[in-house]
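Student: This is the structure I want to talk about, given as structure tokens.
Residue numbers (this note's numbering), protein chains in the order written: chain G, 1 to 333; chain Z, 1 to 333; chain W, 1 to 333; chain P, 1 to 333.
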């Protein structure tokens, strides 16, 4: 309550709390009075109470997510598909081009990825593009090529699905469905990927809070699909020397709050090839459960986002460095 | 080019530009050399050039959007539907509850809206909710009630569509399709609302730049639907005393760059009922073409977002104030 | 307390609270227990309690500022010096060049300012500059010219002081001491300007929260100087189409929390001359108590920040527009 | 130039460039014309040109800092004082309490720091505090205790100086002068610490860009003092689960742009003790040249910022982990 709020206002708040089927509990302090509202969370209760006369502020006490929470499941979740294991001490590496561009390109890269010791192959077939005039991806043809690359290498295919109506098609080819940052709060899509039963890589929206991120995961978990990987790929801030700001404290913070594994994307997170390897090493040192990295045989000829892609040689170098750091922090890579 | 970049690197850049079917043009400065690349925009060209050795940075010169640009159409667009006119000197006011909750609620509010002199009725039937445990809206029943409220008052119905597969249904009832901030970059949805032929109210994503916002509009315009209203509803910043930060400079900035009308949402933009009227007045003074405002007969009992809703009395007061400010700046309200 | 925290941990928290000379009060809820700590604010108490085992979080209830608060003084403060009145329904306009550049320049502008009906003259003599290679201002010579311009016009002189050791000198010439955004948390400077006894214009730091801003004012008020004007000049966000993001909700928010007047700087807040007048009108409509605006007879030849300065003609136009908006919202200008 | 700008406007821009003693160079493109301005940087030139009619935008090409740049000095700088070496492959660790609180406290901590293998002792004697009602530090008495702790352990003393008028006093006791984030753009202070001749630890302001950070360093370097360490301590963003957002990409980015060493502060950068060790490891893996960490024998009784301080045991654990990561990435710790 506001300092000096009258008894009548206090009574009104108490009555309101009880109408919401909550219990009220009053504590009288030196300068102001606090009323506790006890019981199950009521939708809209915070807002309803906040507008009452005499109320200074309403402070919620419990986390809004349930199934993602370590309060519900304490042991870390490990998502495993083909040779890719992410979580619970296993560091899974996913690499590949921004977009599938041709059969030669994706097969060449898949072998680079495999030979360097990674277990997941990324590659966009359906591309969400900021401009309607940009390359939109090879679509189903791209999915076929990814499946062919899997057959040739055994790598698990990770690819984005950007619309509910594509889920069935993409799920027929992919091993992991990726939900992009732009779609983190596209709830019909979250439900549809959940219902596919496939593991999901959920990217954080560039202005999403941790609670919003975990609630988006909750939309997937609620369908009964528990194979969700959270992916930190950078947030929008005032910084302009990197494409996004990559906040690695996300990794240990999420490890405290959720049992779901946390993957880091240093390619989108920095937007500059020269910063990818240092940030990949840093992510591993912070305890990340996985990395997703863009590589391209000729970054300067890539049809999308080439400026942040590593060359095969740079990727092999990054893998060697990350392997040392993983050993230093006790992760199995 | 970087200071001191050798001729060989320069030649490589020039060759690369020409492979992209662009013309190159070299300018030698005191400390560094600049190479201009001339011609139509090439997708990925900036990124491709940026990765070449010896290149310091690549600076694009032209706006990436076309059909939304004042370079293409100089006269401001006025979107008109029933009695609602937004743009080109006409200030359209849209008001209503966050969610349609019952027949009584929406009819009561519709009359408040009509009597206060507004011409659009907002109200959510399909609600995108951060938490899967929150109220998701009345869905088709809500649309029917909105249509009934239109019949009773003549107000134009503005309501959100959150998935491509709902567009047909929502379009059967609504006068304006709203695309929410979470879906600003949901490209399949943008195309679908564009193809519906109905006017679209496109909300800015909370971390979208002006270029991204205008490119999202471009996705709609490209379908041949030119009735797009842009809506500033606040951005994510470090500020925590308001729900979002409402940057009104968006209004005059967009008026310079695009012919599309600009609507302001002071309810979501502040998240606090007590700040709505001052920001509504400020938006009008900045030259906004429309306002979209949340009202509720009993904000403290609203099923969603009640804390930012105005009471009918506060809304009438706001309308009276905005009418004076509109007159002061020469807008017809 | 965390859900499931044992009684022993609860007892430890209670003991800790009592060691801090606070009273404790326990509320047992459905899923967790809350302990209220009652009494005067203890420095470090929040942090100390937060680190105890079993504690989920610590939520402070009272505003940390006192003398700036409307809880202490309800009537709005009006700062008056010469013909300039800012606050309590009086809208004061301060205008002038970014930097004093010459006798002719400042006298010419002072007459423009006066003739347009403004009452304050701004102009930098000591300039804090991001780069050590930029123009640093005319220093004492600039102050003399400002005083001469005051003599010629009767305008109140508002100028920045950027170091404690300059306060005495600047105070000998100025009517209002400005503390720049970079120095908002330069506490020795805040105390020194407070002790000068002159009115102070305190600019918000580009990443300061409202609490930090009001606490900075509190550093000045604590010296016994109550003539403090708060100035919103824009915050750092991801937006790149304006120099800063100008959040006008600051104005009504501060009017609820503090009795101090709120001035808006649309020149720094946007960084673009073409956006200054619309944002000045918007600030007035939001209820601002003052405006501080950059003008220059030849903006394209200004030695600093010319790109955001209005020409005399544009300033007169802005004044005419603001006068109409002020009348519409009941402010005396 | 804007698309369609007339020849007369182009001529005016050229004339203007030449009045600034720059050379102009015109490139005619498909849709618009670009004019290059060649020569030494002119203060205000960008802004002056931007306001000319017909000009679309002005793009600066060169870095605004000089002496901090790798363009001027390619070899990394190593700052060494007593046993503390920071830079050029040497990883220096600085640890200690937020504030010096008593003789016992600082001596006890100094031995913890020394025994764990660190070489620098941090501790605030003059404390800049957001609220005027908070503990302001022990001042000169605190400096004496720091000097005593140095005598007992050989650790280099790192302490903040918050006002120009204190530089002489603090420099009489300290080995490294720290400039806090709030004072990053306090130019008189930067000059004064530069002139002291002592090594300086310059903290990044929470909303400073890389260019602003390096230009602040330039203010110090210009005095002839080249022993400047840059310290990343987190930026202000919308994230609220950490006190600040700690962007580690700063480390490799600065290593590309400057020869100055880069120190990371995971304590302020996260504000939570449980996140400090993971982010310390990540900083080392990213290539940081130093760490500055808060520790306290009894964090829950600290007079300031105890919630982010490590216990001695947690600090020893962090040191052991960082040592492994440093070895993995080839840094000498």
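Where a beta carbon is used, it is the ideal one built from N, C-alpha and C, also for glycine.
If you're wondering where the values come from, they're calculated on a predicted model, not measured in any experiment.
(1) By the three-class DSSP mapping on this structure, what secondary structure does residue 296(W) have?
(2) List the residues of chain Z whose Cβ lies closer than 9 Å to the Cβ of residue 300(G), in chain order.
(3) Just the chain W side, please: which residues come within less than 9 Å of residue 186(P) by C-beta, in chain order?
(4) What does DSSP give as the partner residues of residue 87(G) in its beta bridges?
(5) Please classify residue 264(G) as buried or exposed, where buried requires at least 16 neighbouring CB atoms within 10 angstroms.
(6) Would you call the region 191–198 of chain Z in contact with the region 152–172 of chain Z, where contact means no fewer than 3 C-beta pairs closer than 8 Å?
(7) If you reduce the DSSP assignment to three classes, tell me which class residue 151(G) lands in.
(8) Using the Cβ count rule (16 or more neighbours within 10 Å means buried), how would you classify residue 182(P)?
(9) Between the Cα of residue 325(W) and those of 233(W), 139(W), 278(W), spot the shortest distance and give me the residue it belongs to.
(10) Pick from 117(P), 96(P), 211(P): whose alpha carbon is nearest that of residue 160(P)?
(11) Return no unless some Cβ of chain Z is closer than 8 Å to the Cβ of residue 233(P).
(12) At 8 Å on the CB atoms, spell out the chain G contacts of residue 117(P), in chain order.
(13) Mind checking if residue 59(G) is an interface residue toward chain W, Cβ cutoff 8 Å exclusive?
(14) Using three-state DSSP, classify residue 286(P) as helix, strand or coil.
(15) Of the residues 301(W), 317(W), 312(W), 313(W), which one's Cα is nearest the Cα of residue 20(P)?
(16) Among 272(Z), 46(Z), 254(Z), 93(Z), which has the Cα closest to the Cα of residue 252(W)?
(17) Counting only the same chain and skipping the five closest in sequence on each side, list residues whose C-beta sits under 8 Å from that of residue 309(W).
(18) Using a C-beta to C-beta distance shorter than 9 Å, which residues of chain G count as neighbours of residue 101(W)?
(19) Counting Cβ pairs, one atom from each stretch, are 3 or more of them under 8 Å apart for the region 46–66 of chain Z and the region 1–12 of chain Z?
(20) Which same chain residues end up closer than 7 Å to residue 280(G) when comparing Cβ atoms and leaving out the 5 residues on each side of it in sequence?
(21) For a cutoff of 8 Å on Cβ pairs, would you count residue 238(W) as touching chain G?
(22) Measuring alpha carbon to alpha carbon, tell me which residue in 22(P), 116(P), 64(P), 77(P) is nearest residue 320(P).
(23) Would DSSP call residue 331(G) helix, strand or coil?
(24) Output yes if chain C places a C-beta closer than 8 Å to the C-beta of residue 307(P); else output no.
(25) Would you list, in sequence order, the uninterrupted alpha helix (DSSP H) runs of no fewer than 4 residues that lie entirely inside the region 144–188 of chain P?
(26) Do the region 82–92 of chain W and the region 240–247 of chain W touch if we need at least three Cβ pairs shorter than 8 Å?
(27) Does any CB atom of chain W fall closer than 8 Å to the CB of residue 105(Z)?
(28) Residue 249(P) versus chain G: which residues are under 7 Å apart at the beta carbon?
(29) If you run the structure through DSSP and keep just helix, strand and coil, what is residue 245(Z)?
(30) Looking at the secondary structure, which residues open and close the alpha helix (DSSP H) in which residue 50(Z) lies?
(31) Thinking just about the alpha-carbon of each residue, which of 58(W), 8(W), 240(W) is nearest to the one in residue 362(P)?
(32) Out of 113(G), 33(G), 37(G), 65(G), which has the shortest C-alpha to C-alpha gap to residue 211(G)?
(33) By a C-beta neighbour count over all protein chains shown, 10 Å radius and 16 as the cutoff for buried, is residue 103(G) buried or exposed?
(34) How would you list, in chain order, the residues of chain P whose beta-carbon sits under 8 Å from the beta-carbon of residue 206(W)?
(35) If you drop the 5 nearest sequence neighbours on each side, which residues of the same chain put their C-beta closer than 6 Å to that of residue 220(Z)?
(36) Report yes or no: is there a C-beta of chain G within less than 8 Å of the C-beta of residue 284(P)?
Tutor: According to the structure shown:
(1) Here residue 296(W) refers to the residue found at position 296 when the third chain is read from its first residue. Note: residue 296(W) maps to coil in three-state DSSP.
(2) Working through the first chain from its first residue, we reach residue 300(G) at position 300. Going along chain Z in sequence order, the residues near residue 300(G) (Cβ under 9 Å) are 16, 47, 48, 49, 50, 51, 52.
(3) Within the fourth chain, residue 186(P) is the residue found at index 186, counting from 1. By Cβ distance, chain W contributes 128, 162, 163, 182, 183, 186, 189.
(4) Here residue 87(G) corresponds to residue number 87 of the first chain, with the count starting at 1. Paired residue(s): 90(G).
(5) Mapped onto the first chain, residue 264(G) falls at position 264. By the neighbour-count rule (16 or more Cβ atoms within 10 Å), residue 264(G) is buried.
(6) yes
(7) Sequence index remark: in the first chain, residue 151(G) carries index 151 (1-based). Helix.
(8) As a first step, residue 182(P) is located in the fourth chain; it is residue number 182 there, counting from the start. Buried, by the Cβ-count rule.
(9) Numbered from 1 along the third chain, position 325 holds the residue referred to as residue 325(W). Measuring from the Cα of residue 325(W), the nearest candidate turns out to be 278(W).
(10) Translated into the one-based positions of the fourth chain, residue 160(P) becomes position 160. For residue 160(P), the nearest C-alpha among the options comes from 96(P).
(11) Here residue 233(P) is taken as the residue at index 233 of the fourth chain, counted from 1. Cβ-Cβ to chain Z under 8 Å: no for residue 233(P).
(12) Taking the first residue of the fourth chain as 1, we reach residue 117(P) at position 117. Correct list: empty, because the minimum Cβ distance to chain G is about 16 Å.
(13) Reading the first chain from its first residue, position 59 is the one you call residue 59(G). With 8 Å as the cut-off, residue 59(G) counts as an interface residue toward chain W.
(14) Position 286 of the fourth chain, counted from the start, is the residue given in the question as residue 286(P). Coil at residue 286(P), not helix or strand.
(15) Start at 1 with the first residue of the fourth chain, and residue 20(P) comes out as number 20. Nearest C-alpha to residue 20(P): 301(W).
(16) Position 252 of the third chain, counted from the start, is the residue given in the question as residue 252(W). For residue 252(W), the nearest C-alpha among the options comes from 272(Z).
(17) For this step, residue 309(W) is matched to residue 309 along the third chain. For residue 309(W), where only same-chain residues beyond five positions count, the Cβ hits under 8 Å are 97, 98, 267, 273, 294, 295, 296, 299, 302.
(18) Reading the third chain from its first residue, position 101 is the one you call residue 101(W). Chain G residues near residue 101(W): none, gap ~31 Å exceeds 9 Å.
(19) yes
(20) Position 280 of the first chain, counted from the start, is the residue given in the question as residue 280(G). Answer for residue 280(G): 266, 291, 293, 318, 322, listed in chain order.
(21) As a position in the third chain, residue 238(W) is number 238, starting the count at 1. With 8 Å as the cut-off, residue 238(W) counts as an interface residue toward chain G.
(22) Translated into the one-based positions of the fourth chain, residue 320(P) becomes position 320. Nearest C-alpha to residue 320(P): 116(P).
(23) The residue labelled residue 331(G) in the question sits at position 331 within the first chain. It is coil, neither helix nor strand.
(24) Reference to chain C is not applicable here, since the protein chains of this structure are G, Z, W and P.
(25) 167–171
(26) no
(27) As a first step, residue 105(Z) must be located in the second chain, where it is residue number 105. For residue 105(Z), the answer is no, since every Cβ of chain W falls outside 8 Å of its Cβ.
(28) The residue you call residue 249(P) lines up with position 249 of the fourth chain. In chain order: 242, 246, 270, 275, 279.
(29) Residue mapping note: residue 245(Z) aligns to position 245 of the second chain, counting from 1. In the structure shown, residue 245(Z) sits in a strand (DSSP, three-state: E or B).
(30) Taking the second chain and counting its residues from 1, one reaches residue 50(Z) at position 50. 45–50 is the extent of the alpha helix (DSSP H) around residue 50(Z).
(31) With chain P covering only 1 through 333, there is no way to say anything about residue 362(P).
(32) In the first chain, counting from the first residue as 1, residue 211(G) sits at position 211. The option with the nearest alpha carbon to residue 211(G) is 65(G).
(33) Residue 103(G) sits at position 103 when you count from the first residue of the first chain. Residue 103(G) is exposed by the Cβ-count criterion.
(34) Within the third chain, the letter at position 206 stands for residue 206(W). Chain P residues near residue 206(W): 207.
(35) Translated into positions along the second chain, residue 220(Z) becomes position 220. Hits under 6 Å: 190, 194, 200, 228.
(36) Stepping through the fourth chain from its first residue, residue 284(P) is reached at position 284. Yes, residue 284(P) lies at the interface with chain G (some Cβ there is under 8 Å from its Cβ).
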